[in-house]
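Read the structure below first, then the notes.
Numbering (the UniProt record's numbering), first residue to last: 1 to 659.
Listed below in structure tokens is the structure:
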């Protein structure tokens with residue numbers, strides 16, 4: 001508990017006079033000596049008039065923050081000093097006022113308690129933020145492992161794609177730390193535009209000018225060596241730019257254009273040759289230049305590069321007129337290049353065939369897995385449907401049982417209400433008869449007093465009429481009671497038959513019913529129409545009849561498939577066909593055995609025994625012979641039910657007569 005200390009008041013001596021609120025003030029005043037109470041003390045400070053004096057605080061209630069009052073020895077100076085009017089302290093208030101002031105002052109500085117709702121909200125928000133951060137971080141981590149989860153996370157989670165890309169970029173920079181040190185010239189983007197190579201780039205067929213004129217006897221090897229050095233010095237320049245492979249393949253025919261032009265020029269050179277004159281010595285024409293090699297239908301970059309290099313060599317050889325010396329080597333290189341191209345085509349065909357085989361095998365595996373999955377799903381659905389059907393049948397059975405109990409309860413309540421209503425009516429009629437009888441007696445007495453003794457005969461006649469009326473009402477009451485007892489007896493017999501789980505005799509119920517009916521010819525005739533074996537041994541329940549019908553139906557199906565002169569093979573085939581044959585459902589049309597059995601089964605499930613018996617009675621031959629015992633049991637059940645319905649109808653008619 002928070003305690004707020006009040007201003008302490010110094011009293012006589014060095015000990016403060018303590019007073020708490022209300023009852024503490026009174027206790028302190030009572031315990032104080034009379035002399036101290038009568039004497040006055042000087043106040044430490046001048047208190048304003050408008051200020052309400054604060055009550056002193058006891059030593060036990062003083063808080064840790066309160067200051068201990070300083071005491072000075074003033075007892076010796078009290079009598080010598082003069083007291084001015086403005087220095088005289090105010091009169092202490094009454095204890096009731098002190099209690100109110102202390103309550104207001106102690107409650108005012110109390111800090112407001114912290115709200116539990118805000119603390120719960122803060123904890124809830126903090127927990128939610130922490131769990132969300134953990135879930136988001138886990139999702140980012142797992143999305144970098146699983147591709148399917150990566151697609152889901154980046155598509156449906158806000159800021160998920162940005163977080164994943166940021167981590168991927170960090171990992172990329174960690175793996176390639178020098179990627180950021182490259183200049184802007186090394187970063188190229190594929191904009192999709194066609195790549196154009198300048199006409200003077202690459203290797204040229206023309207040998208670099210060395211400053212001296214090449215004579216006819218100059219060495220072609222030195223020229224080729226110089227061309228090779230020039231090619232090596234020019235190679236790094238095109239490699240600085242990273243271009244797509246497709247673009248290079250497309251532009252390669254343009255690069256070979258100068259080589260083709262050089263070859264054409266070299267081919268045109270021998271055309272200037274003129275034969276020797278008649279008076280000149282004979283000379284041989286120069287050898288034909290080497291033709292360049294092309295692969296216009298090949299898309300392999302390696303082949304085009306080799307062809308380009310070979311064409312450059314051919315151009316250099318043709319330019320030096322050394323084709324006669326290197327022609328066989330160049331032709332051999334051409335043949336080898338053609339073989340390399342054919343080998344590449346063969347490898348590509350082999351790889352494509354292998355890939356096609358693997359794809360086909362993988363597709364077969366996928367088809368097999370899909371078929372297995374469909375089979376498992378179908379079996380699971382069939383099992384689930386069977387489970388639902390069982391649950392549905394159990395629920396229907398429970399609902400039927402519940403409604404039967406409700407119907408029985410409502411029937412019992414209606415019977416009790418009818419009995420109470422009839423008893424009330426009888427009591428009212430008896431009271432009215434008694435009142436009428438009292439009035440009549442009073443009237444007769446008055447007439448007797450008035451001297452009308454001659455009307456004694458009429459009085460006796462009235463009394464006899466009243467006796468007849470009373471006896472008649474007694475007969476009515478007895479008939480009503482007998483009718484009610486007859487209703488109860490019929491309901492008892494019916495309840496005994498319906499609630500029985502197996503056939504049981506109901507002789508006692510029929511004897512009680514016959515005793516209640518007495519000389520009623522209709523009830524006696526109905527009881528006499530019941531087969532004695534029915535009430536001696538009992539009748540089958542609906543469930544027993546349905547179970548027995550299923551067994552009889554199986555035998556009837558087998559018998560219907562047998563010919564007249566059937567043997568062992570016929571019996572075996574009929575047994576197999578009866579198991580394989582499809583069964584009809586519902587009220588099937590037709591007069592065949594399967595249709596009759598289907599309709600009978602439907603009527604039995606609906607509780608219509610009469611229609612089921614009529615359908616089975618329409619069978620002929622061995623089918624009717626096999627179902628004869630079952631028909632006998634159904635007839636016994638129908639006879640008992642019809643007899644009970646007749647007796648119940650007779651009881652209703654008797655109750656209507658009474659009313």
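For every residue, glycine included, the Cβ atom is placed at its ideal position computed from N, Cα and C.
| Query | Result |
| --- | --- |
| Using a 10 Å radius around the Cβ and a threshold of 16 neighbouring Cβ atoms, would you call residue 621 buried or exposed? | exposed |
| State the Cα-Cα distance for the pair residue 598 and residue 481, rounded to the nearest angstrom. | 47 Å |
| Hey, how far is the Cα of residue 663 from the Cα of residue 594? | One cannot answer for residue 663 here, as it falls past the ends of the chain, which runs 1 to 659. |
| Can you tell me whether residue 650 is buried or exposed? The criterion is at least 16 other CB atoms within 10 Å of its CB, across all chains shown. | buried |
| In terms of residue numbering, what span does the alpha helix (DSSP H) encompassing residue 166 cover? | 160 to 175 |
| Among 430, 623 and 300, whose alpha-carbon lies nearest the alpha-carbon of residue 554? | 623 |
| If you check the beta carbons only, do residue 648 and residue 422 fall under 7 Å apart? | no |
| Where do the ends of the alpha helix (DSSP H) carrying residue 619 lie? | No alpha helix (DSSP H) contains residue 619, which DSSP labels as neither H nor E. |
| What are the boundary residues of the alpha helix (DSSP H) that residue 379 is part of? | 323 to 449 |
| Kindly indicate which three-state DSSP category residue 38 falls into: helix, strand or coil? | Model confidence at residue 38 stands at a pLDDT of 42, short of 50, so the residue's coordinates are unreliable; what they give is reported in the following sentence. Note: residue 38 maps to helix in three-state DSSP. |
| Classify residue 653 as helix, strand or coil using the three-state DSSP reduction. | helix |
| Are the beta-carbon atoms of residue 323 and residue 293 separated by less than 7 Å? | no |
| With 16 other CB atoms within 10 Å as the buried threshold, where does residue 401 fall? | exposed |
| Residue 439 to residue 471, Cα distance in whole Å? | 20 Å |
| Would you mind sorting residue 264 into buried or exposed? The rule is 16 or more other CB atoms within 10 Å of its CB. | With a pLDDT of 45 at residue 264, under the threshold of 50, the modelled position of this residue cannot be trusted; read the value that follows with caution. Its Cβ having fewer than 16 others within 10 Å, residue 264 is exposed. |
| Is it right to say residue 615 is buried, meaning 16 or more other beta carbons lie within 10 angstroms of its own, or is it exposed? | buried |
| So, for residue 543: in the same chain, excluding its five sequence neighbours on each side, which residues have a beta-carbon less than 7 Å away from its beta-carbon? | none |
| Shortest alpha-carbon distance to residue 161 belongs to which of 136, 497 and 533? | 136 |
| Give me the residue from 398, 643, 316 and 150 with the minimum Cα distance to residue 522. | 643 |
| Inspect the CB distances between the segment 383 to 394 and the segment 338 to 347 and report whether three or more fall short of 8 Å. | no |
| Checking 7 Å against the spacing of the C-beta atoms, do residue 503 and residue 539 come in under that value? | yes |
| Among 535, 348 and 314, whose alpha-carbon lies nearest the alpha-carbon of residue 660? | Here the chain has residues from 1 to 659 only, and residue 660 is not among them. |
| According to the Cβ coordinates, are residue 530 and residue 633 closer than 7 Å? | no |
| With a 10 Å radius around its C-beta and 16 neighbouring C-beta atoms as the bar for buried, classify residue 116 as buried or exposed. | exposed |
| To the nearest angstrom, report how far apart residue 147 and residue 167 are at their CA atoms. | 15 Å |
| Counting C-beta neighbours from all protein chains within 10 Å, is the total for residue 556 16 or more, i.e. buried, or is it exposed? | buried |
| Give the secondary structure of residue 464 by DSSP, where H, G and I count as helix, E and B as strand, and everything else as coil. | helix |
| Take residue 330 and list the residues in its own chain whose beta-carbon comes closer than 8 Å to its own, dropping the five residues that flank it on each side. | 290, 310, 313, 314, 317 and 323 |
| For the putative contact between residue 295 and residue 304, defined by C-beta atoms under 8 Å, what is the C-beta separation to the nearest angstrom? | 7 Å |
| Go ahead and label residue 398 buried or exposed: buried means 16 or more other beta carbons lie within 10 angstroms of its beta carbon, across all protein chains shown. | exposed |
| Give every residue of the same chain whose Cβ lies closer than 8 Å to the Cβ of residue 630, excluding the five residues on either side of it in the sequence, and list them in chain order. | 545, 548, 549, 552 and 616 |
| Roughly how many angstroms separate the alpha carbons of residue 405 and residue 153, rounded to a whole number? | 57 Å |
| Taking the alpha helix (DSSP H) that residue 509 belongs to, which residues open and close that run? | 507 to 517 |
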